[in-house]
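Worksheet for the structure shown next.
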Amino acid sequence: MVRKQDRVHNIRHRQPHDHGCGVNEWKRFRQSCYYISAEVMNIDDAMVECQEQGGALVSIESPIENYWIAEKLNRLPKVDNRFFWTSGFTAADKVKDNTYYWIWGDYTEVGYTNWAPGEPNDKGYVCLAVNRWNGKWSDEKCHEKFNVVCEKKVDQ
Numbered sequence: 001m002v003r004k005q006d007r008v009h010n011i012r013h014r015q016p017h018d019h020g021c022g023v024n025e026w027k028r029f030r031q032s033c034y035y036i037s038a039e040v041m042n043i044d045d046a047m048v049e050c051q052e053q054g055g056a057l058v059s060i061e062s063p064i065e066n067y068w069i070a071e072k073l074n075r076l077p078k079v080d081n082r083f084f085w086t087s088g089f090t091a092a093d094k095v096k097d098n099t100y101y102w103i104w105g106d107y108t109e110v111g112y113t114n115w116a117p118g119e120p121n122d123k124g125y126v127c128l129a130v131n132r133w134n135g136k137w138s139d140e141k142c143h144e145k146f147n148v149v150c151e152k153k154v155d156q
């Protein structure tokens, strides 16, 4: 004879759990959920896409987060490009003779970096993209069309 509390326990464990990310394509890692687009778009459309999905373009803040994202990107089916947009972009410091520095979409300065050799190469490229094959960063023209990585913090 099956006890009532055993049936409730079994039912509870068979239901899908969204881990705080919702029931769509978002994947959880630590305290954030990530969405990777299947479509390519420029940075402006990428920002809109992430907002419509309930998040924002990703800000990569640690080596482990960078590795996790690159590993997920590597598992995607073949796509035509190797880069994915993040929220990173350059800003000019008017006080310091227009010195440029990198900030995330929430206007916090980039701390951790994973630039590819020779990057950033300061040739008018002002948006930060991640190479899907090795997780290395590159500055790219914002009008280029790449896939998108969105992020949202998990509700506590």
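Number 38 in UniProt numbering belongs to position 38 of the sequence shown; there are no gaps in the numbering.
We put the CB at the ideal spot given by N, CA and C, even for glycine.
Bear in mind the structure is a predicted one, so any value in this text is a computation, not a measurement.
When C-alpha distances from T99 are compared across S138, D122, E39, W85, the shortest belongs to D122. For E151, the enclosing beta strand (DSSP E) starts and ends at 147 to 153. Listed in chain order, the non-local C-beta contacts of G55 below 6 Å within the same chain comprise C150, E151, K152, local neighbours out to five positions each way being set aside. With respect to the 7 Å criterion, E65 and V148 are not classified as neighbours on the basis of their beta carbons.
The shortest C-alpha to C-alpha distance from I69 to any of P117, V154, W26, D139 is the one to W26.
Exclusion of the five residues before and after S37 leaves E49, N147, V148 as the residues of its chain whose Cβ lies within less than 7 Å of its Cβ. Around the C-beta of W85, 16 or more other C-beta atoms lie within 10 Å, and the residue is accordingly described as buried.
In terms of Cβ geometry, E119 and A129 do not form a close pair [threshold 7 Å].
No residue range can be given for N114, since it is assigned to no alpha helix (DSSP H) and is classified by DSSP as neither H nor E.
The criterion of a C-beta distance shorter than 7 Å is not satisfied by Y107 and E61. Counting only the Cα atoms, M47 lies some 21 Å from F29.
Using a Cβ distance threshold of 7 Å, W104 and T90 do not count as a contacting pair.
Burial is judged here by how many other beta carbons sit within 10 angstroms of a residue's own beta carbon; R132 has at least 16 and is buried. The C-beta of Y34 has 16 or more other C-beta atoms within 10 Å across all chains shown, which makes the residue buried.
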